[in-house]
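Colleague: Numbering (my numbering), first residue to last: 37 to 365.
A single structure is presented below for examination.
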């Protein structure tokens with residue numbers, strides 16, 4: 037700034053600096069305002085062009101190349117042709133798996149044994165497992181022996197684990213009693229086949245668990261019935277009751293006239309004990325149990341009585357001395 041005072045021209049540097057900075061600040065704000073105002077006036081297409089220009093201006097970055105690389109790395113989903121779906125040899129690519137075979141509901145266990153022998157004979161080097169889930173049901177016969185019969189858990193189905201291909205598939209289907217595999221239809225209108233579908237390991241574990249639980253349940257029921265019968269047999273020779281013996285003898289007077297008439301005297305009333313009469317057990321395991329009188333073995337002095345156990349009628353031999361005629365009030 038120059039100032040004339042008394043003929044002298046004075047100059048000051050500091051006085052010029054504020055004016056310079058003030059001018060720059062005004063120019064900066066005016067430019068920003070112009071840019072903002074210009075952006076508001078741009079169309080959507082122009083804004084996209086500016087955005088793309090800013091992206092391309094960055095060094096070493098190209099969003100188009102990045103998108104193209106992602107598309108190249110992404111594998112394309114391949115769909116099998118109908119001829120490939122009909123090729124059963126492709127099933128061997130997944131290795132050994134579990135398959136479901138349809139068999140007869142009545143001869144499933146027998147068919148499983150025939151199938152195992154046929155595979156062992158035709159493919160001696162192949163590893164396979166044939167599984168027919170069943171429960172071994174025990175039953176005591178009248179002669180005292182115990183019969184064991186398999187009860188299938190899934191009637192009409194058996195499971196086989198192997199590496200399946202067309203040759204093995206056709207050999208299994210030719211076995212007597214086999215109705216085919218559980219699967220889905222593939223192909224087109226010209227040709228269709230039933231392609232086997234493998235079973236997941238988790239489903240097989242659930243099947244193993246169910247078969248084990250049902251086997252344990254059947255064993256416990258048989259043991260409980262066996263225990264009850266043994267206790268009834270041990271307590272069959274206790275507490276003589278002459279009134280019951282007389283009542284049983286009176287029910288068959290024509291056989292032996294020399295036999296005394298069996299009857300029970302209760303409060304002055306005479307009741308006959310015949311087949312179908314209601315009797316009550318005085319002591320033992322079945323004490324206070326009420327059942328139906330069936331017959332009397334005079335040689336062993338034991339009566340056969342029917343009780344309702346486990347939801348069905350069970351015949352038990354009880355000493356005649358432990359029974360008394362139940363009077364219906």
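We put the beta carbon where it would ideally sit given N, CA and C, even for glycine.
Only a predicted model underlies this, so the values are computations on that prediction, with no experimental measurement involved.
Nearest CA to the CA of residue 209: which residue from 325, 256, 108, 150?
Modeller: Nearest option by C-alpha distance: 150.
Colleague: Taking the beta strand (DSSP E) that residue 235 belongs to, which residues open and close that run?
Modeller: Taken as a continuous stretch (DSSP letters only), residue 235 belongs to no beta strand (DSSP E), as it is neither H nor E.
Colleague: Tell me the rounded alpha-carbon separation between residue 183 and residue 258.
Modeller: Approximately 12 Å, taken between the alpha carbons.
Colleague: Would you decide whether residue 268 is buried or exposed? Buried here means 16 or more other CB atoms lie within 10 Å of its CB.
Modeller: Buried: at least 16 other Cβ atoms inside 10 Å.
Colleague: Return the chain-ordered list of same chain residues with a C-beta closer than 7 Å to the C-beta of residue 58, the five sequence neighbours on each side being excluded.
Modeller: The predicted position of residue 58 is uncertain, since its pLDDT is 42 and thus under 50; no value can be drawn from it.
Colleague: Since residue 170 and residue 139 should fall inside the 8 Å C-beta cutoff, what is the C-beta to C-beta distance between them, to a whole number of angstroms?
Modeller: With 8 Å as the limit, residue 170 and residue 139 do not qualify as a contact, their Cβ atoms being about 12 Å apart.
Colleague: So is residue 338 buried or exposed if we call it buried at 16+ other beta carbons inside 10 Å?
Modeller: With 16 or more Cβ atoms within 10 Å of its Cβ, residue 338 is classed as buried.
Colleague: Along the chain, where does the beta strand (DSSP E) containing residue 200 start, and where does it finish?
Modeller: Where residue 200 is concerned, there is no enclosing beta strand (DSSP E), given that its DSSP letter is neither H nor E.
Colleague: So if DSSP puts residue 242 in a beta bridge, which residue, or which two residues, is it bridged to?
Modeller: Paired residue(s): none; residue 242 is not in a bridge.
Colleague: Closer than 6 Å by C-beta to residue 72: which residues in its own chain qualify, once you throw out the five before and the five after it? Chain order, please.
Modeller: Confidence at residue 72 is low in this model, with a pLDDT of 48, below 50, so the placement of that residue should be treated as unreliable; the coordinate-derived value is given next. The answer is none, since no qualifying residue turns up.
Colleague: Determine the DSSP secondary structure at residue 270, reduced to helix, strand or coil.
Modeller: Correct three-state label for residue 270: helix.
Colleague: DSSP state of residue 318, grouped into three classes?
Modeller: Looking at residue 318 - three-state DSSP - the assignment turns out to be coil, as it is neither helix nor strand.
Colleague: Going by other Cβ atoms of all chains shown within 10 Å of its Cβ, with 16 needed for buried, is residue 332 buried or exposed?
Modeller: By the 10 Å Cβ count, residue 332 comes out buried.
Colleague: So, does the stretch 118 to 138 touch the stretch 229 to 245, judging by three or more C-beta pairs under 8 Å?
Modeller: Counting Cβ pairs under 8 Å, three or more are found: they touch.
Colleague: Between the alpha carbons of residue 67 and residue 111, how many angstroms are there, rounded?
Modeller: Unreliable placement is indicated for residue 67, whose pLDDT of 45 sits below 50; no coordinate value is reported for it.
Colleague: Counting along the chain, where does the alpha helix (DSSP H) carrying residue 93 start and finish?
Modeller: Unbroken alpha helix (DSSP H) run through residue 93: 80 to 93.
Colleague: According to DSSP, what are the bridge partners of residue 134?
Modeller: Looking at the DSSP assignment, residue 134 forms a beta bridge with 197, 235.
Colleague: Which class does residue 299 belong to by DSSP, given the choice of helix, strand or coil?
Modeller: Note on residue 299: pLDDT 37, under 50, position unreliable in the model; the coordinate value appears next. Note: residue 299 maps to coil in three-state DSSP.
Colleague: Taking its Cβ as the centre, do 16 or more other Cβ atoms sit within 10 Å of residue 99, making it buried, or is it exposed?
Modeller: By the neighbour-count rule (16 or more Cβ atoms within 10 Å), residue 99 is not buried but exposed.
Colleague: Opposite residue 367 in the DSSP bridges: which residues?
Modeller: Residue 367 falls outside the range modelled here, since the chain spans only 37 to 365, and no answer is possible.
Colleague: Alpha carbons only, please: which of 200, 241, 130, 238 is nearest the one belonging to residue 137?
Modeller: With distances taken between Cα atoms, residue 137 lies closest to 200.
Colleague: When the Cα atoms are used, what is the spatial distance from residue 246 to residue 107?
Modeller: When rounded, the distance between both Cα atoms is 48 Å.
Colleague: Taking the alpha-carbon of residue 255 as reference, which of 186, 217, 323 has the nearest alpha-carbon?
Modeller: Checked all of 186, 217, 323; the closest Cα to residue 255 is 186.
Colleague: When DSSP builds the beta bridges, which residues end up paired with residue 342?
Modeller: Note: residue 342 sits in a beta bridge opposite 328, 351.
Colleague: Taking the beta carbon of residue 78 as the centre, do at least 16 other beta carbons fall within 10 Å, making it buried, or is it exposed?
Modeller: It is exposed - the Cβ of residue 78 has fewer than 16 other Cβ atoms within 10 Å.
Colleague: Among 178, 179, 193, 177, which has the Cα closest to the Cα of residue 168?
Modeller: Of 178, 179, 193, 177, the residue nearest in Cα terms is 193.
Colleague: Helix, strand or coil for residue 165? Go by DSSP, reduced to three states.
Modeller: The answer is strand: DSSP assigns residue 165 an E or B state.
Colleague: In terms of alpha-carbon separation, which member of 357, 176, 172, 85 lies closest to residue 350?
Modeller: Comparing Cα-Cα distances from residue 350 to each of 357, 176, 172, 85, the minimum goes to 176.
Colleague: Could you work out which residue in 253, 235, 134, 206 is closest to residue 173 when comparing CA atoms only?
Modeller: Closest option to residue 173, Cα to Cα, is 253.
Colleague: How long is the line joining the alpha carbons of residue 141 and residue 330, rounded to whole angstroms?
Modeller: Looking at the two C-alpha atoms, the distance is approximately 38 Å.
Colleague: Note down, in chain order, each residue of its chain lying with its Cβ closer than 8 Å to the Cβ of residue 359, except the 5 sequence neighbours on either side.
Modeller: Cβ within range, chain order: 277, 280, 315, 316, 317, 318, 329, 339, 341.
Colleague: Excluding the 5 residues flanking residue 362 on each side, which residues of the same chain have their C-beta closer than 7 Å to its C-beta?
Modeller: Once the five neighbours on either side are set aside, the close Cβ partners of residue 362 are 314, 315, 316, 326.
Colleague: Is DSSP giving residue 106 helix, strand or coil here?
Modeller: Residue state, collapsed to three classes: helix.
Colleague: Using C-beta distances below 7 Å, list every residue in its chain close to residue 144, excluding the 5 sequence neighbours before and after it, in chain order.
Modeller: So the list reads 168, 188, 191, 192, 194, once near-sequence residues are dropped.
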